[in-house]
Structures are given as C-alpha cells and as structure tokens.
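One structure below.
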Amino acid sequence: MLRPPPPTTIPAPARPELPRHIGIIMDGNGRWAKRRHLPRVAGHRAGVRAIRRVMEACDDAGVHILTLYAFSTENWQRPRGEVSSLMRLFEETMDSEVEELDAKGVQLRVIGDRAKLSPRLRHKVDACEALTAHNGGNILNVAINYGGRSELVEAIRELASSGVDLRTLDEATFSAALYTAGLPDPDLIIRTAGELRVSNFLLWQGAYAELHVTETLWPDFGPSDLNAALGDFSSRRRTFGQVAEPAGTAIATPLG
Ligand code: FPP
Numbered sequence: 234m235l236r237p238p239p240p241t242t243i244p245a246p247a248r249p250e251l252p253r254h255i256g257i258i259m260d261g262n263g264r265w266a267k268r269r270h271l272p273r274v275a276g277h278r279a280g281v282r283a284i285r286r287v288m289e290a291c292d293d294a295g296v297h298i299l300t301l302y303a304f305s306t307e308n309w310q311r312p313r314g315e316v317s318s319l320m321r322l323f324e325e326t327m328d329s330e331v332e333e334l335d336a337k338g339v340q341l342r343v344i345g346d347r348a349k350l351s352p353r354l355r356h357k358v359d360a361c362e363a364l365t366a367h368n369g370g371n372i373l374n375v376a377i378n379y380g381g382r383s384e385l386v387e388a389i390r391e392l393a394s395s396g397v398d399l400r401t402l403d404e405a406t407f408s409a410a411l412y413t414a415g416l417p418d419p420d421l422i423i424r425t426a427g428e429l430r431v432s433n434f435l436l437w438q439g440a441y442a443e444l445h446v447t448e449t450l451w452p453d454f455g456p457s458d459l460n461a462a463l464g465d466f467s468s469r470r471r472t473f474g475q476v477a478e479p480a481g482t483a484i485a486t487p488l489g
C-alpha cells in the first residue's frame with residue numbers, strides 16, 4: 234500500500250471544542266449541475282471552488298486537518314467520460330493550486346490506491362506531496378480511488394506479509410498500517426446533499442466520528458454551512474461508549 238509521507242506535525246485545533254480532523258463526503262455535484270441544465274462536470278468544477286472556500290473557512294475557524302472524499306473505488310463505474318473528466322480535474326487542480334497550498338503552509342496528502350491512477354496523475358500526486366511535505370500548519374488529505382473496505386483488506390495483507398503475527402495484532406499497529414497513519418481520527422464527518430450513509434469512507438478511522446448531514450449540495454457548501462456543522466459538533470456529548478457525566482454535575486446551573 235503506497236502511503237503519503239507521514240505528517241511532519243499534527244496541528245491542534247484553535248479551541249478544544251473544535252474537531253481536530255474533519256472528513257467530508259462531498260456529494261451533490263451532479264444534482265447541482267442538473268438543476269442548472271449543465272453537464273455533470275460543471276458540478277465537479279463548482280465542487281473544486283467549494284473546496285477552496287471550505288479550506289479557508291476551516292483555517293479561519295481553527296480546524297487544521299481536513300480529509301475530502303473526491304473519488305471512491307466505486308466511482309470507476311460512472312460513465313467513462315465523467316471518470317476521465319474527474320481525473321483531468323484532479324490533475325488540473327493540483328497544477329493550479331499546489332503552489333498556493335504550499336505558500337499557505339498546507340501539507341497535501343493523497344490517500345487511496347494509487348496503482349489504478351494514470352502514471353501522469355501518480356507523478357503529479359508524488360510531486361505535490363514532495364513539495365508540501367515540510368508544511369505542518371494544515372493537513373489536506375484528498376481521497377482518490379479510496380475505499381474503506383479495500384484499505385482494511387490491504388492493510389491486513391500487508392501486515393501478514395511483513396511477518397506481523399496477526400494473532401497478537403493490536404489497534405495501534407493496525408492503525409499505523411492505514412493510509413492515515415500518524416493522523417488523529419476524524420472527530421466529525423460531514424456529508425452534503427442529504428444521504429444518510431457513510432459510503433465506504435474512513436470505516437476504521439470514523440468509528441467514533443460525529444456525523445453531520447446537510448441538504449446543501451457540495452458546490453453550494455460554504456462558510457455558513459461549515460459553521461453550522463461546527464456548532465452541531467460542539468453541542469454533541471461524546472462519550473466514546475462510556476457513561477456520560479450525570480446531567481448537572483459538569484456545569485453549575487445558574488439560579489434564578
Ligand atoms: C459526488 O457528487 C462527487 C464526486 C464523486 C466527485 C467529487 C469531486 C470533486 C468535488 C472535485 C474534487 C477535486 C479535487 C482536486 C479534490 P455526485 O456527482 O455523486 O453528485 P450527485 O449525487 O448529485 O449525482
């Protein structure tokens with residue numbers, strides 16, 4: 234499994250009630266385009282503009298690790314023209330954005346099975362990761378040809394063939410065999426365009442993520458939607474399977 238280089242630093246959120254790491258299932262590009270009588274690729278292009286806005290909004294809010302689900306292992310089954318448009322868009326966007334990302338101190342990492350990507354795209358991915366590897370202010374993971382199930386199977390195969398005794402395998406060793414090795418798990422997973430499912434995204438890493446689903450289509454997603462998701466997140470009581478503090482013991486209730 235080819236992994237991005239390990240993160241140089243793990244940026245902390247600006248405030249403890251913020252998520253350290255947000256994952257986003259960017260859905261609704263096709264519906265956005267259809268409503269405008271545009272080809273689906275116009276929706277994907279508008280989706281790239283939304284990524285820029287959301288990265289800025291995350292930075293402003295003080296959230297520094299973002300993982301975007303750009304292309305799943307299942308997305309190859311889309312019409313050939315749409316797949317090649319998306320692949321071209323990944324290449325173009327890397328070309329046009331990487332220098333600015335670097336200047337802003339963003340470390341770009343691509344997670345997913347690269348073997349199926351074209352040699353040209355693979356080469357760009359490698360070059361972008363190498364250019365930004367020294368950055369530590371913000372981490373942007375882009376999931377391309379990513380599938381949670383295949384990530385898990387691949388990790389087990391790799392551990393077995395590297396001689397690890399699977400009978401004594403522990404969670405930390407297993408986590409270190411995933412694409413996200415060294416990163417904290419996502420605290421919050423946002424899904425746009427209303428579907429209530431995780432679609433093979435960060436299956437292991439998202440075990441305790443809070444889910445926020447919005448009807449907003451990805452190309453329309455902006456700072457106010459992000460702030461709504463952050464507000465929702467900060468109102469959740471995260472117990473990680475344990476017993477929550479009994480009501481009234483954590484916060485003194487003002488009288489009157
Ligand atoms: C889902 O919407 C979206 C995708 C499968 C592609 C997401 C890709 C981008 C936003 C471009 C990313 C670019 C870079 C460089 C990371 P959909 O097409 O399934 O929408 P629908 O459900 O409304 O049809």
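Per the numbering used here, residue 234 is the first one in the sequence shown, and the count goes up by one each step. Virtual Cβ for every residue (Gly too), placed ideally from N, Cα, C. Since the structure is predicted, the reported quantities are computational estimates derived from the model, not experimental observations.
By the beta-carbon neighbour count (other beta carbons within 10 angstroms, threshold 16), residue 460 is exposed. Residue range 254-258 is occupied by the beta strand (DSSP E) that includes residue 256. Within the DSSP secondary-structure output, residue 305 pairs in a beta bridge with 379.
In the pairwise beta carbon analysis, the segment 433-450 is classified as touching the segment 374-381: at least three pairs are separated by under 8 Å. Taking a cut-off of 8 Å on C-beta distances, the segment 243-260 touches the segment 402-422, as three or more cross pairs fall below it. Distances between the C-beta of residue 326 and the heavy atoms of the ligand FPP include at least one below 7 Å. Between residue 243 and residue 422 a beta carbon distance of about 19 Å is seen, past the 8 Å cut, so the two are scored as non-contacting. Shortest Cα-Cα distance from residue 464 to any of 447, 241, 329 involves 447. Assignment of beta-bridge partners to residue 340 by DSSP yields 372.
Residue pairing of residue 424 in beta bridges, as defined by DSSP: 258, 446. Judged by DSSP secondary structure, residue 452 falls outside any alpha helix (DSSP H); it is assigned neither H nor E. The ligand FPP has a heavy atom closer than 7 Å to the beta-carbon of residue 277. The beta carbon of residue 355 sits no closer than 7 Å to any heavy atom of the ligand FPP.
With contact defined as three or more Cβ pairs closer than 8 Å, the segment 304-313 and the segment 329-342 are not in contact. Per DSSP, the beta bridge partners of residue 299 are 255, 373. Each residue's CA atom was taken as its position, placing residue 432 and residue 375 some 16 Å apart. Residue environment for residue 399: exposed (fewer than 16 other C-beta atoms within 10 angstroms of its C-beta).
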